[in-house]
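Below is one structure; the comments refer to it alone.
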Amino acid sequence: MGKKSRVKTQKSGSGASAVVSPKEMMNFISELLQKCSSGAPSAGKEWEEYIQIRGLVEKIRKKQKGMSIVFEGSREDYFPDLMTWAQENGASCDGFTVTNFGVEGYGLQATRDIKAEELFLWIPRKMLMTVESAQNSVLGPLYSQDRILQAMGNVTLALHLLCERADPSSSWLPYIRSLPQEYDTPLFYQQDEVQLLLGTQAVQDVLSQYKNTARQYAYFYKLVQTHPAASKLPLKDSFTFDDYRWAVSSVMTRQNQIPTEDGSRVTLALIPLWDMCNHTNGLITTGYNLEDDRCECVALRDYKENEQIYIFYGTRSNAEFVIHNGFFFQDNAHDRVKIKLGVSKSERLYAMKAEVLARAGIPASCIFALHCSEPPISAQLLAFLRVFCMTEEELKDYLLGDRAINKIFTLGNSEFPVSWDNEIKLWTFLETRAALLLKTYKTTSEEDRAMLEKPDLSFHSRVAIQLRLAEKQILDKVLASGRTKRLHFEKKLEEGAPLPCYEESDIALLENNDTDAKLPIILHKLEKVEEGQEIPVEEQLLNGQKAVYGIDMEANGVVLQERVNKDVHSALDSIGSSTQIDQREVASRSASRTEDGPKENSE
Numbered sequence: 005m006g007k008k009s010r011v012k013t014q015k016s017g018s019g020a021s022a023v024v025s026p027k028e029m030m031n032f033i034s035e036l037l038q039k040c041s042s043g044a045p046s047a048g049k050e051w052e053e054y055i056q057i058r059g060l061v062e063k064i065r066k067k068q069k070g071m072s073i074v075f076e077g078s079r080e081d082y083f084p085d086l087m088t089w090a091q092e093n094g095a096s097c098d099g100f101t102v103t104n105f106g107v108e109g110y111g112l113q114a115t116r117d118i119k120a121e122e123l124f125l126w127i128p129r130k131m132l133m134t135v136e137s138a139q140n141s142v143l144g145p146l147y148s149q150d151r152i153l154q155a156m157g158n159v160t161l162a163l164h165l166l167c168e169r170a171d172p173s174s175s176w177l178p179y180i181r182s183l184p185q186e187y188d189t190p191l192f193y194q195q196d197e198v199q200l201l202l203g204t205q206a207v208q209d210v211l212s213q214y215k216n217t218a219r220q221y222a223y224f225y226k227l228v229q230t231h232p233a234a235s236k237l238p239l240k241d242s243f244t245f246d247d248y249r250w251a252v253s254s255v256m257t258r259q260n261q262i263p264t265e266d267g268s269r270v271t272l273a274l275i276p277l278w279d280m281c282n283h284t285n286g287l288i289t290t291g292y293n294l295e296d297d298r299c300e301c302v303a304l305r306d307y308k309e310n311e312q313i314y315i316f317y318g319t320r321s322n323a324e325f326v327i328h329n330g331f332f333f334q335d336n337a338h339d340r341v342k343i344k345l346g347v348s349k350s351e352r353l354y355a356m357k358a359e360v361l362a363r364a365g366i367p368a369s370c371i372f373a374l375h376c377s378e379p380p381i382s383a384q385l386l387a388f389l390r391v392f393c394m395t396e397e398e399l400k401d402y403l404l405g406d407r408a409i410n411k412i413f414t415l416g417n418s419e420f421p422v423s424w425d426n427e428i429k430l431w432t433f434l435e436t437r438a439a440l441l442l443k444t445y446k447t448t449s450e451e452d453r454a455m456l457e458k459p460d461l462s463f464h465s466r467v468a469i470q471l472r473l474a475e476k477q478i479l480d481k482v483l484a485s486g487r488t489k490r491l492h493f494e495k496k497l498e499e500g501a502p503l504p505c506y507e508e509s510d511i512a513l514l515e516n517n518d519t520d521a522k523l524p525i526i527l528h529k530l531e532k533v534e535e536g537q538e539i540p541v542e543e544q545l546l547n548g549q550k551a552v553y554g555i556d557m558e559a560n561g562v563v564l565q566e567r568v569n570k571d572v573h574s575a576l577d578s579i580g581s582s583t584q585i586d587q588r589e590v591a592s593r594s595a596s597r598t599e600d601g602p603k604e605n606s607e
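Our numbering puts the first residue of the sequence shown at 5, with every later residue one more than the last.
Encoded structure:
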């Protein structure tokens, strides 16, 4: 996790630079909460709202200057204590050490040869910071009475981390002191660095992340100061925005899901030492051994002595990496851009199209992904576009025609077109859509490459421009692929080529060869994401005594989580207008593995 852990020199200090009365600070906090709890801004006004919220936050940060807890010395000074603490608590420490890898930051370096699939790292449960350990800590009384904490495990972990950091006797201090003092998530960007993302598919998530974090901070500041169950919290005397931003980013870049002790469900956890590993392409190699009650990691490949040990964080896009982990991965084989598509309810054929899509297990409005690899679209998106472009007669055929039920299963397979004309329409649509999206950017790819050549470019600016350029490159590929496919099918139509026929024995072979394996489309998970929803964690697999979990280090992104029951919504409503948290924050990104992301206005 070195890439998301770049540390800037900070001076420790105690006492605010200017005395601020509790009443004055509460007025600032109330103003921030009210601003962040307002409804979503009208289209095109998101940046203006961000500037206003950021202005209020900066006022608060100025008043709180010098009040945050900052450990003396550098982060590196605490690594020996981390290794000693880990060894004393039963973790494996003999095959690696923590090393600075320059651009990649800190990571794990092999101190001996390690074979592929060799178990080289294990961390017992007692070292983990979890939602359960938070419940059993000084935070427990407040947790038991606050429905938002009960619903948002990631926020619970953030506050748990802050409480333990302020406790000189905390058993987790060797771990907490080894964490970065600052991160490279967009929460730490300067305003001009965020501005570089305007026009990108990722910018809405970045702006929402900041707004949600500010809203959460204001809500919990008031809660800590006024709730009887918070009277003994160390945060009562000092709880700054910078504190919360740090805790949010610590959890967002490191959290993962593990099974509870009885294996009946999953919970969120911070996993010391293991979270030092940096990312590379590959496969998930971390699991949880319930029998030995510990997190276990096997080597992704052979590692020679002195080589850096990598793990695979999951099939995440660069937008997800930038927003939730704070780095851009140059060789990301899973990069993608989100595209929101829907059938207009005012369309004459809406009911028929919606019915065909429903039979295929696809919503009439959905967020899909355009991929950097070939083919650039998934089987689900291919199926949606085919239905989207169907004529009335074609729709009737898939609803009422011979073997209509079986034909539904062919929608996601490129080998069985609906018609040549349908293929031409869908690829023309995709080609046009990609071209329109490319026009929304304020710079060209050539201009982005020129900017990246500047030696004085800040790290955050460089990451923002790299992400912007990567999005354009994906859209360029989609544009080229759409054009090639369109010309191919126009030739088929011109030649009068017969449509490929399928037999019932072919029904099990309905996916594109390069997508989700050959299974009926209806059996596959859709790339569906609600607004603000967080990139999910790798699919969970509880198999016997082991639970293999994905390494989505920001699963359940602290600023944007979306799995909340009606009780939480009621709790938010009962707080009152002055302390109301937007439902989208508590219902914002979920914790399982995939497609969250930038939303684009659909046609």
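Quick reminder that beta carbons are idealized off the backbone N, C-alpha and C, glycines included.
Contacting residues, own chain, Cβ-Cβ under 7 Å from residue i (five flanking each side not counted)
i    : result
V228 : A234, L237, L239, K240 and F243
E121 : V302 and A303
P380 : L374, K481, V482 and S485
I428 : R490, F493, E494 and L497
Neighbour-count burial assignment, residue i, 16 or more Cβ in a 10 Å radius
i    : result
E62  : exposed
L497 : exposed
R129 : buried
S25  : exposed
Y354 : exposed
D188 : buried
F392 : buried
I525 : Low confidence applies to I525: its pLDDT is 34, below 50, so where it sits in the model is not reliable, and the reading given next is rough at best. The residue is buried, with at least 16 neighbouring Cβ atoms inside 10 Å.
E76  : exposed
Q113 : buried
N310 : exposed
E168 : buried
Q549 : Here Q549 scores only 31 on pLDDT, less than 50, and its place in the model should not be relied on; the value that follows carries that caveat. By the neighbour-count rule (16 or more Cβ atoms within 10 Å), Q549 is not buried but exposed.
K8   : Confidence at K8 is low in this model, with a pLDDT of 42, below 50, so its placement is unreliable and no value can be given for it.
L576 : Below a pLDDT of 50, predicted positions are generally treated as unreliable, and L576, at 31, falls in that range; the measurement from the model is reported next regardless. Label assigned to L576: buried.
Q334 : exposed
T414 : buried
Cβ-Cβ distance between residue i and residue j below 8 Å
i    : j    : result
L403 : E435 : no
K349 : M394 : no
R58  : Q154 : no
Y307 : C281 : no
F316 : T284 : yes
E300 : W89  : no
R124 : A303 : Residue identity check: residue 124 is Phe in the sequence provided, not Arg. In contact: F124 and A303 (Cβ atoms closer than 8 Å).
L132 : I275 : yes
L272 : F224 : no
S72  : D246 : yes
K67  : M30  : no
L503 : F433 : no
V255 : L166 : no
L471 : S449 : no
The alpha helix (DSSP H) enclosing residue i, as first and last residue numbers
i    : result
T488 : F463 to E499
E398 : E396 to L404
Q384 : A383 to F392
C40  : P26 to C40
T101 : First-last for T101: F100 to N104, but that is the beta strand (DSSP E), not the alpha helix (DSSP H).
Q91  : F83 to E92
I57  : E50 to K67
L361 : Y354 to R363
I409 : A408 to I412
N-terminal and C-terminal residue of the beta strand (DSSP E) that residue i is part of
i    : result
T115 : Taken as a continuous stretch (DSSP letters only), T115 belongs to no beta strand (DSSP E), as it is neither H nor E.
H375 : S369 to H375
A273 : V270 to L274
L345 : R340 to G346
T217 : Here T217 belongs to no beta strand (DSSP E); instead the alpha helix (DSSP H) covers V207 to T230.
P128 : L123 to P128
Contacting residues, own chain, Cβ-Cβ under 6 Å from residue i (five flanking each side not counted)
i    : result
V341 : Q205, L374, E475 and I478
E50  : L211
R181 : F75 and Y82
L2   : Missing from the structure shown is residue 2; the chain here goes from 5 to 607 and no further.
A138 : T160 and H164
**Prompt:** Whole alpha helix (DSSP H) runs in the stretch 422-456 with 4 or more residues, listed along the chain?
**Reply:** 424-443 and 449-456
**Message:** Give the list of continuous alpha helix (DSSP H) stretches no shorter than 4 residues that lie fully inside the stretch 240-322.
**Reply:** 245-258
**Request:** Output the residue ranges of the alpha helix (DSSP H) runs that lie fully inside the stretch 148-176 and measure 4 residues or longer, sorted by chain position.
**Result:** 151-155 and 157-169
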